[in-house]
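Residue numbers (this note's numbering): 14 to 141. Don't be surprised by glycine CBs; every beta carbon is placed ideally from N, CA and C.
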Amino acid sequence: MKYISALIILVLILFITSRDSDELWRDGNYVVAWINSDVFLAYGEPEEAFYGLVDSVGAVGFNKDYVVAKNVEPISKEVSFYIIDKAKQKSNQGINFSQRAAVTGPLSEIEFHSLIKELNLPSFTVEF
């Protein structure tokens, strides 16, 4: 019985530690996920491919018009900000497709804060 219990525990530990990706947050077709150690913001249809918008995401927020992301560079710890316009993203599915057409950034903290009231940007609601 001891051996069976030990085997079950070993299998559980291997299962838990073997995961190398997961979804952390979602708003419609916007997803924050991690692969290995990188947390990133992506856009796409659940049954199709997702494409990356912002790497090294430290926080996100959203409202009906925008998704905002805080980028924290892993080595330098430098912080920058990104704004994703949902209407531009949705209309960007045609012939002239560009995955970053709806993305504004990287922005400095001063640039980002100057746009908060102007665009009615959401607060950061989830940190990673």
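Check	Outcome
Closest Cα partner of residue 120 within the set 88, 96 and 114	96
Local conformation of residue 134 per DSSP, three classes	coil
Residue 43 classed as buried or exposed, judged by whether at least 16 other C-beta atoms fall within 10 angstroms	buried
Collapsed DSSP secondary structure at residue 100 in the structure displayed	helix
Reference residue 139, options 72, 55, 84 and 47, closest by Cα	72
Element boundaries [beta strand (DSSP E), containing residue 84]	79-85
Alpha carbon of residue 67 to alpha carbon of residue 54, nearest angstrom	5 Å
Length at least 4, wholly inside the stretch 29-65: the alpha helix (DSSP H) runs in chain order	none
Integer-rounded CB distance, given that residue 85 should sit under 8 Å from residue 69	6 Å
Local Cβ density within 10 Å of residue 101, reported as buried at 16 or more and exposed below that	exposed
Alpha-carbon to alpha-carbon, residue 45 and residue 57	11 Å
Three-state secondary structure (DSSP) of residue 75	strand
Beta-carbon contacts of residue 65 that lie in its chain and below 6 Å, excluding the five residues immediately before and after	53 and 55
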